[in-house]
Structure formats: structure tokens, C-alpha cells
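At position 29 of the sequence shown the residue is numbered 448 (the working numbering), and the sequence of numbers has no breaks. What follows is a short report on a single structure.
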Amino acid sequence: MSDYILSKDYFVKVIEDLITLVDQRKEYYTELDSQIGDGDHGINLEIGFREVNKNLDEWKKLNVRDFYNNVGKALLDKVGGSSGPLYGSFFMKFGLPIKSKGPDEGATFEEFIEMMDKGVAIIQKRGKSTKGEKTMLDTFIPALETLRSEYEAGTPGKEAMEKAVEAGKEGLEFTRNIVATKGRAMRLGERAIGHLDPGAASAAEFLEVFYKDMP
Ligand code: ADP
Ligand code: MG
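The following block contains the structure:
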């Protein structure tokens, strides 16, 4: 067991910073989606995270598990596109591996890895998708694999997360070279080549927030 603990404040700050990120980057996500989808990825995320922002002060009083459950439910309920239910499910599952239930308690780094694992697993299940299909999973899966392998090899938590973010960005870049076998870009066939997947792009920047906020 490591003594690298991620505090309750960390988990709250991540969501606050994701709200800011989405507000700053929504046009970029939408621009990517207008190239190979229907041009609403940034709009969808904005709708979801605006709803989260409305309720944040209330939810902050809850423990991390319930806090993330509410964040996820808001995304799931409010967002029409496929990214809403997928990110929504991610956040709903994210809090579950935390064992401590106190409103001020955080998580160990081992728990954090399990949280990421549960989140990524539900995206795969809900999306019936995996790596190599030009989706957000091209970011999430390599990032998670790297996070786990680096940490198990002895890399300190924050550094392991930094490596995970790099692996996620490589996965994002890789989406440029492949056709989509899931999501709207599927219809484009070869014409999707040369374009980044919008969900993989937002996922890479989301992971960067998880990294940067780490103490
Ligand atoms: P929509 O495609 O319904 O317009 P968004 O534009 O908000 O929703 O989100 C699109 C992103 O969702 C894609 O770029 C892709 O990363 C992700 N996505 C779509 N379908 C799947 C799936 N089956 N599995 C994983 N991710 C998916
Ligand atoms: Mg779209």
C-alpha cells in the first residue's frame, strides 16, 4: 500500500477544472466533430458540465463516491449524444472502488487506478467497443494500461499518471490514421482518415486535468 493519498479536495478540484476545460475547449471539440461527425461534441459536453456546475456546491458535501455518482448521472441525463452516456457512465462507476465513505475522505493511489479501470471498463461495455475503433477508448485504454504498468513497476503516482497522459495522447494521435468502426464517423469509411476523433481528444485533455491536479 502506498502512502500517496489523493484527497477529497483533489477529486472535487478535478471536476471544477473539467468544467473550466470544457468551457474553454468546447469550440475545438465541436470543430473536430464537424470534420467526421455531426459537430456537437463540444456542445454536448458543455450542456452536461453546465448542469454539473449548477449543483456542485450541494454535491461537494457528499463523499467522493456519491459526488462522482451525481456528476455522472447529470451527464447521463442531460446529454443527448453518445458521449454523454459514455462519460456519464464513466463518472458514475469512477467513485465505486473507494472504500472509505466519509465526506472528507480521499483515496489511495491503488484505489485511483481501480477507479480509472472501472470507468474505462463501463465505456467499453456500454459502447461495445475497444481500442482501435477511433473512439475515446483509443485514449483511455493505453492511458490506463500505462498507469497500471508504470505504477506496478515502481514509478511514483503522479509520474505514472504523467506517463499515462502521454500514452493517451499517442492514442489520440493514432486515431488520425484509422477508420472508425464505432460511432458516427463509421459512415465515412476511409474519409475519416486524417482526422482526430473528437471523443479521444476530449478524453486526452480530461486525463491531463486528472494529472495536473495531482499534488
Ligand atoms: P454523437 O456521436 O452522438 O454526436 P458526441 O459528438 O458528443 O456524440 O461524441 C462523439 C464521440 O463519442 C466520438 O468521437 C467517440 O469518441 C465517442 N463514441 C461514439 N460511439 C462510441 C462507442 N461505441 N464507444 C466508445 N466511444 C464512442
Ligand atoms: Mg457528435
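All C-beta atoms in this analysis are idealised placements derived from N, C-alpha and C, irrespective of residue type, glycine included.
Q: Could you tell me the distance, in whole angstroms, from the CA atom of Leu556 to the CA atom of Asp476?
A: Within the sequence shown, residue 556 is the residue found at index 137, counting from 1. Within the sequence shown, residue 476 is the residue found at index 57, counting from 1. Distance between the alpha carbons of Leu556 and Asp476 is about 31 Å.
Q. By how many angstroms is the C-alpha of Phe559 removed from the C-alpha of Phe509?
A. Position 90 of the sequence shown, counted from the first residue, corresponds to residue 509. Position 140 of the sequence shown, counted from the first residue, corresponds to residue 559. C-alpha separation (whole angstroms): 11 Å.
Q) Considering Met534, what are the terminal residues of the alpha helix (DSSP H) in which it resides? A) Indexing the sequence shown from 1 puts residue 534 at position 115. Start and end: 528 to 546.
Q: Kindly list the residues whose CB is nearer than 6 Å to the CB of Ala526, restricted to its own chain and excluding five residues on each side of it in sequence; keep chain order.
A: Sequence index remark: in the sequence shown, residue 526 carries index 107 (1-based). Excluding residues within five positions, the ones whose Cβ falls inside 6 Å are Leu425, Ile517.
Q.
Looking at the ligand MG, does it come within less than 7 Å of Gly456, judged from the CB to the closest heavy atom?
A. Counting from one through the sequence shown, the residue named residue 456 turns up at place 37. Yes, the beta carbon of Gly456 sits closer than 7 Å to at least one heavy atom of the ligand MG.
Q) Looking only at C-alpha atoms, which of Asn482, Val431, Leu615 sits nearest to Lys520? A) In the sequence shown, counting from the first residue as 1, residue 520 sits at position 101. The shortest Cα separation from Lys520 among Asn482, Val431, Leu615 belongs to Asn482.
Q: Report the residue from Gly499, Glu446, Lys432, Lys479 whose alpha carbon sits nearest the alpha carbon of Asn463.
A: Along the sequence shown, one-based indexing puts residue 463 at 44. Of the listed residues, the one whose Cα sits closest to Asn463 is Gly499.
Q) Hey, would you say Leu505 sits closer than 8 Å to Gly461, going by beta carbons? A) One-based indexing of the sequence shown puts residue 505 at position 86. One-based indexing of the sequence shown puts residue 461 at position 42. Not in contact: Leu505 and Gly461 (Cβ atoms no closer than 8 Å).
**Q.** Beta-bridge pairing of Ile424 - partner residues as DSSP gives them
**A.** Taking the first residue of the sequence shown as 1, we reach residue 424 at position 5. Thr527, per the DSSP bridge assignment.
**Q.** Closest by C-alpha distance to Ser452, when choosing among Ala623, Gly618, Glu627
**A.** Taking the first residue of the sequence shown as 1, we reach residue 452 at position 33. Note that residue 452 corresponds to Asp in the displayed sequence, not to Ser. That would be Gly618, whose Cα lies nearest to the Cα of Asp452.
Q) Any idea what DSSP makes of Val598, helix, strand or coil? A) Looking up residue 598 in the sequence shown gives position 179. Note: Val598 maps to coil in three-state DSSP.
Q. Which class does Ile560 belong to by DSSP, given the choice of helix, strand or coil?
A. In the sequence shown, counting from the first residue as 1, residue 560 sits at position 141. Helix at Ile560.
Q | Pro561 and Ala599 closer than 8 Å at C-beta | A | For the purposes of this step, residue 561 is identified with residue 142 of the sequence shown, where counting begins at 1. For the purposes of this step, residue 599 is identified with residue 180 of the sequence shown, where counting begins at 1. It is not a contact, given that the beta carbons lie outside the stated cut-off.
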